[in-house]
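Those protein sequences? They're chains A and B, same order as listed. Residue numbering for the first sequence is 0 to 779, as defined by numbering that gives the first Met the number 0. Residue numbering for the second sequence is 0 to 779, as defined by numbering that gives the first Met the number 0.
Protein chains: 2
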Amino acid sequence: MSNSSCDAHPWRVDESSFSWDGPGIAESVFALANGYVGVRGTLDEAQPSLSPGTFMAGVYECHPLSYPEESYGYPEHGQAIIGVADGTAIRLQVNGVPLDIRETPPEYHERTLDLRSGTLRRETQWVTPAGQRMRLVSTRLVSLTQRSVTAIRYEIEAVDYAVHAVIRSDLVVNGTALRVDNADPRVAHALEQPFRSWFGRCHETGGLLVHSTRGSLIGVAAAVDHDVHIPEGGHISTHGDDDQVITTVVADLRPGEKVGFTKYLCHVRSSDDDPADLEAQVLAALDGARERGWEGLTADQQSFLDRFWDGADVEVGGDAELQLAIRFNLFQVLQASACLSRAPIGAKALTGSGYSGHTFWDIEGFVAPTLTLLYPEGAAHLLRWRASTLETARERAEVLGVKGASFAWRTINGHEASAYWPASSAAVHLNATIALAFNFYALATGTTLTAINGFDVLIETARMWASTVHQDDDGLFHLFGVTGPDEYTGVVDDNVFTNLMAQRNLKAAAAACEAYPQHAERFDVSPLEIGTWRGMADSVYVPYDASLGIHPANERFTTYREWDFATDPGAYPVQEHAHYVKIYRRQVIKQADLVLALWWCFDAFTATQTARNFSYYEQRTVRDSSLSATAQSVVAARVGHLDLALSYLRETAFIDLRDVEGNSHQGVHLAACSGSWLALVSGLGGLRADDEQLHLAPRLPDKLHRIAFRLRWRGQRIGVDTTRSGTTVRLLDEGGQKVPIWIDGTLRVLTATHPVTSPLIVPHPTTEPPRQPPGREPRD
Amino acid sequence: MSNSSCDAHPWRVDESSFSWDGPGIAESVFALANGYVGVRGTLDEAQPSLSPGTFMAGVYECHPLSYPEESYGYPEHGQAIIGVADGTAIRLQVNGVPLDIRETPPEYHERTLDLRSGTLRRETQWVTPAGQRMRLVSTRLVSLTQRSVTAIRYEIEAVDYAVHAVIRSDLVVNGTALRVDNADPRVAHALEQPFRSWFGRCHETGGLLVHSTRGSLIGVAAAVDHDVHIPEGGHISTHGDDDQVITTVVADLRPGEKVGFTKYLCHVRSSDDDPADLEAQVLAALDGARERGWEGLTADQQSFLDRFWDGADVEVGGDAELQLAIRFNLFQVLQASACLSRAPIGAKALTGSGYSGHTFWDIEGFVAPTLTLLYPEGAAHLLRWRASTLETARERAEVLGVKGASFAWRTINGHEASAYWPASSAAVHLNATIALAFNFYALATGTTLTAINGFDVLIETARMWASTVHQDDDGLFHLFGVTGPDEYTGVVDDNVFTNLMAQRNLKAAAAACEAYPQHAERFDVSPLEIGTWRGMADSVYVPYDASLGIHPANERFTTYREWDFATDPGAYPVQEHAHYVKIYRRQVIKQADLVLALWWCFDAFTATQTARNFSYYEQRTVRDSSLSATAQSVVAARVGHLDLALSYLRETAFIDLRDVEGNSHQGVHLAACSGSWLALVSGLGGLRADDEQLHLAPRLPDKLHRIAFRLRWRGQRIGVDTTRSGTTVRLLDEGGQKVPIWIDGTLRVLTATHPVTSPLIVPHPTTEPPRQPPGREPRD
């Protein structure tokens with residue numbers, strides 16, 4: 000475990016606290032977003048930079064996917080998120096010399112992301128080559144309450160000498176090209192200049208640009224205005240064309256004098272509306288922003304975040320860095336979803352273009368539960384988007400030769416964009432994760448599935464499973480030729496995780512149809528079909544290796560050759576040093592698979608099996624995926640290895656702040672961010688909610704003296720506070736309903752007036768602390 | 000079964016006997032080659048044409064292979080055979096009107112491939128728009144004795160009126176671009192104009208071109224000369240540049256007068272020599288051709304083929320078409336190999352650019368045995384080429400994480416060029432097929448493995464198997480995550496064919512090392528290593544489904560869901576109508592897999608098992624590969640279903656003459672061509688040679704009254720002649736050694752003076768004639 004710096008501010012991420020390698024990580028960590036629009040955390044003056052840009056959820060371009068060997072049902076088109084018109088650049092010249100911190104190391108330079116105010120503040124003081132001391136303060140926000148609005152407060156001061164300052168503030172389309180790694184030149188061609196400009200307009204203090212993607216035909220309008228304060232003699236002017244709006248502020252500053260402005264940026268998108276509509280919408284958004292003004296926008300931001308933290312905050316006693324990291328991670332989850340609408344949440348949300356902006360099953364698996372318990376509105380938006388792709392998923396099911404619906408492994412528009420079927424179309428488990436995210440939302444919020452269009456998602460995924468499973472001579476139902484979450488073990492038979500998740504999907508669909516027979520009838524679900532689902536679910540085959548006393552991740556897994564960590568390539572990730580033909584049938588695990596089943600399908604395993612399974616897989620799991628540590632942390636906690644649980648929790652929590660995977664410059668790892676909260680509350684807190692009631696089993700590792708968290712359960716806020724003295728659970732809303740809650744297996748009833756307390760249990764694990772593969776100890 | 004046209008000439012393929020769809024099939028069927036150079040059977044006047052061209056074995060260009068999702072060990076470069084300088088075009092104008100049979104339907108038009116003279120003769124008579132009757136006779140050969148030489152005898156006659164004739168005879172490089180289906184534009188870029196010209200020269204009657212590929216740096220020189228006979232007043236002239244040599248013959252013909260020439264074309268290739276060397280080599284070849292002259296070349300051709308047929312001919316009494324087809328197919332096998340040197344035999348040999356000119360394991364599996372028994376020199380060339388790729392195969396083994404060597408699934412230069420690993424790198428069985436082809440050559444010719452550089456091939460493949468197999472708790476050796484010959488069942492565990500072939504590979508390597516201990520020592524093979532190979536071979540796991548009494552093609556195959564031929568897409572090939580994710584775990588078989596094991600590893604199965612297995616797989620095999628029917632024919636014969644055996648034999652035999660697969664325009668299916676002979680002698684003839692002795696078990700279907708074939712066994716020619724009266728086996732060479740031979744299980748001894756006779760056995764099959772999937776009855 001790294002030394003915790005005890006002076007970590009509990010709510011602020013300061014750049015100076017970290018030593019990031021290159022500007023890319025700061026661009027991701029300091030990205031601001033609201034689920035509708037996101038801006039990378041590039042410096043105002045645009046340099047140094049790795050990949051600046053502004054993204055909008057659901058704004059992507061298509062490109063050809065070509066295969067050296069084609070086959071039936073391979074997707075023909077990829078999708079990639081693209082940078083929209085970017086207005087973050089504000090370039091400064093002082094007496095003809097541009098501000099560039101690489102050329103002129105500043106006397107003082109700090110950037111701070113404030114998780115309570117929802118702003119990124121930057122302060123830089125430097126001395127120009129001619130000796131004039133200057134100070135720049137800028138504050139940036141992407142509004143969590145007005146989805147189109149980004150605002151930047153920018154101000155410079157001539158500290159000790161008179162200077163001539165020129166500030167150039169941009170809004171530019173097609174100016175932030177993605178790095179396209181694809182060797183097919185047609186991909187770069189499609190993505191390099193993705194927008195066709197409709198028109199641009201400008202006036203003295205700003206202007207607007209309206210454009211549309213060439214292939215996917217998505218219209219985008221961006222508008223900018225500046226509310227300036229200029230000393231006498233200075234002036235502002237704007238020029239531009241269809242691709243850019245450039246506003247220039249010129250001022251002579253006397254010592255101590257300042258010049259600056261509030262820059263309002265607005266973005267709207269639509270696939271339906273014509274350019275004139277887009278123009279009207281973006282101007283309306285701009286009017287709204289100016290009307291609130293900088294003070295109003297920051298007040299709204301603060302107030303929105305106050306409400307969020309009031310129901311979501313986490314306190315970690317004894318580890319200030321971890322405390323900050325989890326808050327940062329929850330901020331990312333909120334940023335990804337606050338104003339989400341009719342678009343997916345990408346694996347990197349709107350903080351970068353990693354994974355081409357695609358969403359994966361991990362969003363439903365690792366982000367939706369957190370949102371459901373902390374910000375249900377965000378979960379609802381996310382799930383409604385997925386439900387909106389149901390028709391596409393039905394078409395895909397037909398291509399794959401199954402009934403019902405089969406959702407895309409990676410996508411922005413709902414269509415499958417994965418080019419490698421053994422790790423996508425074969426990873427059929429994703430459908431269960433998606434379906435059960437809907438189910439959990441309804442359960443935890445106390446609303447109905449139909450509110451999030453989830454009823455038919457459950458039915459159609461159940462139909463997919465029913466047409467995929469195969470009843471063997473043993474009378475049990477099998478799933479052959481699938482790939483589980485562990486992508487180092489592909490195209491296998493009877494993956495335990497997949498089989499158990501299919502079982503739960505079938506049961507949930509049956510239960511929903513039984514609870515709402517009129518809906519079931521509308522979807523032509525007969526009692527016979529429901530009975531079939533239940534029968535299949537009850538007879539799902541779960542392989543077990545009796546000689547080892549553990550569950551093979553899939554049939555025969557425990558008979559595979561062991562990975563020879565001593566002489567086989569020891570470098571990680573394994574997939575970059577060994578061929579699939581070798582990896583697929585070795586006992587080397589990329590990411591929690593059976594261990595994920597121990598968490599998500601915990602009731603399929605006895606406590607002894609859970610402990611033995613965890614030990615077995617721990618020695619074989621290399622965590623080459625950032626998704627892994629969360630599950631390992633949760634299960635480590637549940638089997639009583641609290642130090643290990645904390646280590647994995649820290650690894651997950653610092654995934655981006657410490658660039659654990661070395662690729663945070665592509666955007667934050669949203670699922671792992673969310674996973675750090677799940678590791679805390681589901682692992683150390685022991686939270687479960689599977690049988691429609693809340694369960695807790697709080698544990699405290701030696702290094703922590705307190706864990707407190709909050710969550711929303713069926714409309715009420717609940718606070719859980721664990722110290723060495725025990726756990727107190729409170730209803731945080733006055734006049735609330737009573738809530739039954741299980742603590743360490745005992746049913747208690749929580750009311751607004753009566754908190755519940757319970758002593759802290761110190762676990763006595765039945766297994767030794769497990770070892771990891773060499774070089775894959777927790778990176779905490 | 001189609002009606003046999005009883006008037007099929009026994010040695011001639013006449014175009015008029017077939018109704019091919021478009022000019023492409025004739026271009027393949029009438030292609031002439033010698034294993035070094037090959038020319039497509041395009042008409043002299045170059046039109047109508049689908050894809051004309053001249054190919055040379057081993058002359059290819061590289062191109063990028065790019066993947067939408069890259070992974071470790073994926074090949075980065077593809078290879079594709081490319082057309083070299085083409086000299087087949089001889090265009091004719093009569094009184095200013097070009098000969099084009101599409102414009103002016105001829106009075107008479109016939110092309111004939113003569114399998115005894117090894118020539119393609121063409122005769123056309125037509126009346127020009129102005130009413131002059133003309134006759135054109137041309138004869139083409141690619142010399143089977145002088146590898147560089149193609150010769151064309153071309154002559155026209157003005158039958159009834161005086162005409163002015165202009166004949167333009169070309170040699171052109173970069174003139175026959177391939178159709179490039181790859182969507183990646185860089186592939187087309189690499190292949191469209193593959194040659195860079197070094198220089199060209201010409202003189203009055205011909206010239207030469209020297210050039211080299213841009214990427215693979217293979218030098219090619221082509222030279223042309225014309226030996227003309229021109230009526231008085233006519234003349235010949237040649238002009239050209241670095242890319243072409245154009246010879247023009249002009250003559251005024253009186254009625255009954257002729258003009259024509261012999262065109263000598265020579266090609267040489269080298270990766271090492273400089274342009275001046277290439278020029279000298281090609282001119283020497285041209286001198287050699289002119290020195291022999293047309294009469295000499297045709298006499299050599301005839302004499303070479305007389306010798307070949309004398310040791311290889313097949314007679315089929317009662318089916319004249321089948322008789323012709325098998326001779327045509329043997330001619331293809333000979334054409335592919337006669338002058339082969341330091342290059343592979345592609346799946347289409349030199350008759351077309353299908354499969355990019357790549358060689359596959361089926362060449363060793365289905366062509367090498369035929370060559371070994373009929374034209375061992377060709378087999379030796381083929382195997383020596385494969386042995387020359389051993390170092391590359393060692394490098395590939397390292398990438399795949401195994402020891403020893405792993406040969407390429409598809410290649411021209413030895414490097415893996417397959418872009419889809421589940422059907423290539425996972426199809427590890429190919430290594431056993433290759434190794435055992437070396438073993439069979441040594442066995443059948445009575446020479447040593449070292450003569451074909453096969454010793455280390457056996458050792459290195461055995462080492463690959465030894466490092467790939469995995470000993471399980473049952474003490475048996477398993478192979479996990481492989482793909483067998485059946486590409487509709489991918490990435491499976493314990494494929495029976497693969498396991499049995501690995502076993503044989505290990506045993507053969509052990510036996511070779513024991514027989515030649517000094518070689519073994521040179522390759523550091525210790526007695527311990529040999530013992531390990533034998534131990535592994537003895538303990539290979541072979542799955543068996545006791546309840547069904549059959550062998551699952553791989554572990555659990557018989558528990559997969561059945562393919563629903565009624566409601567699942569009924570269209571073939573299945574892979575164009577269903578996704579791999581569905582196909583891979585269904586009981587639908589693309590091509591003989593377990594059934595191939597019944598043939599190649601027959602001693603692993605009892606007679607009852609063979610019969611039951613065949614019936615089971617017959618109902619599930621859709622023959623979406625042209626390789627399948629051969630194995631099905633052989634096994635059908637062995638289990639006594641002789642009518643079915645004949646039906647599959649005919650399907651295989653007519654694969655190209657009747658364009659059974661609809662893709663013969665891309666070149667002939669060489670493995671299936673060779674397979675038709677194997678189906679005849681190994682199936683109906685019951686030929687086996689596995690325990691170092693010859694075995695026969697001749698059978699006659701009702702529709703045939705005689706089968707006679709010849710083969711070479713340890714340097715001696717043997718003739719087998721089966722009629723209803725029984726079988727006679729003769730040594731065809733005087734003064735030969737005595738040969739032990741088993742006929743229907745009885746050991747006999749054959750000497751030059753004493754033929755062996757045996758009565759014909761009529762089988763009584765223990766199973767009903769099996770049924771095929773709907774729509775996949777034999778296409779005979």
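Each residue gets a CB set at the ideal place from its N, CA and C atoms; glycine is no exception.
Sub-7 Å separation of residue i and residue j beta-carbons
i	j	result
B:VAL638	B:PHE601	no
B:ALA157	B:LEU49	no
A:ALA404	A:ALA396	yes
B:THR149	B:VAL136	no
B:ALA577	A:GLY400	yes
A:ARG326	A:LEU643	no
B:SER675	B:ALA652	yes
A:ARG110	A:ARG121	yes
Start-to-end residues for the alpha helix (DSSP H) that takes in residue i
i	result
B:TRP599	593–599
B:ALA508	495–514
A:PRO368	367–373
A:LEU656	Looking at the DSSP string, A:LEU656 is not in any alpha helix (DSSP H), and its letter there is neither H nor E.
A:HIS188	184–191
B:LEU399	389–399
Given residue i as reference, the closest of the options once Cα atoms are compared
i	options	result
B:ALA379	B:PHE439, B:PRO739 and B:TRP360	B:PHE439
A:ILE549	A:ARG110, A:PRO762 and A:ALA596	A:ALA596
A:GLY205	A:ASP544, A:CYS265 and A:THR497	A:CYS265
B:PRO665	B:MET500, B:ASP492, B:TYR354 and B:ALA275	As written in the sequence, residue 665 of chain B is Gln, which differs from the Pro given in the question. Out of B:MET500, B:ASP492, B:TYR354 and B:ALA275, B:TYR354 has the C-alpha closest to the C-alpha of B:GLN665.
A:GLY724	A:LEU703, A:LEU699 and A:LEU759	The sequence shown places Ser at residue 724 of chain A, not Gly. Among A:LEU703, A:LEU699 and A:LEU759, the Cα nearest to that of A:SER724 is on A:LEU759.
B:VAL580	A:TYR71, A:LEU31 and A:ASN33	A:TYR71
Unbroken beta strand (DSSP E) run spanning residue i, endpoints
i	result
B:TRP741	738–742
B:ASP169	162–171
A:GLN78	76–80
B:GLU109	107–113
Short CB-CB distance (under 7 Å) between residue i and chain C
i	result
B:LYS581	In summary, chain C is missing from the structure at hand, where the protein chains are A and B.
Expected contact under 8 Å - CB spacing of residue i and residue j to nearest Å
i	j	result
A:SER673	A:VAL315	Actually they are not in contact, since the Cβ atoms of A:SER673 and A:VAL315 sit about 16 Å apart, beyond 8 Å.
A:ALA221	A:ALA337	Not a contact, Cβ separation roughly 20 Å.
### Task
Give, in chain order, every residue of the region 499–516 of chain B whose Cβ lies closer than 7 Å to some Cβ of chain A.
none
#### Entry: Positions along the region 346–375 of chain A whose CB lies within less than 9 Å of some CB in chain B
Answer in chain order: no residues at all.
### Query
Of all the residues that make up the region 472–491 of chain B, which are near chain A by a beta-carbon distance shorter than 8 Å?
ASP472, HIS477, PHE479, GLY480, GLY489 and VAL490
### Task
Compile a chain-ordered list of the residues in the region 647–664 of chain A whose CB is closer than 8 Å to at least one CB of chain B.
Cβ contacts with chain B: none found.
### Message
If the cut-off is 7 Å on Cβ atoms, which residues from the region 422–454 of chain A count as contacting chain B, listed in chain order?
### Response
SER424 and ALA425
### Contacting positions in the region 389–400 of chain A - beta carbon closer than 8 Å to chain B
So the close ones are VAL398, LEU399 and GLY400.
### Task
Taking only beta carbons into account, state which residues of the region 573–599 of chain B come closer than 7 Å to chain A, listed in chain order.
GLN574, GLU575, HIS576, ALA577, HIS578, TYR579, VAL580, LYS581, TYR583 and ARG584
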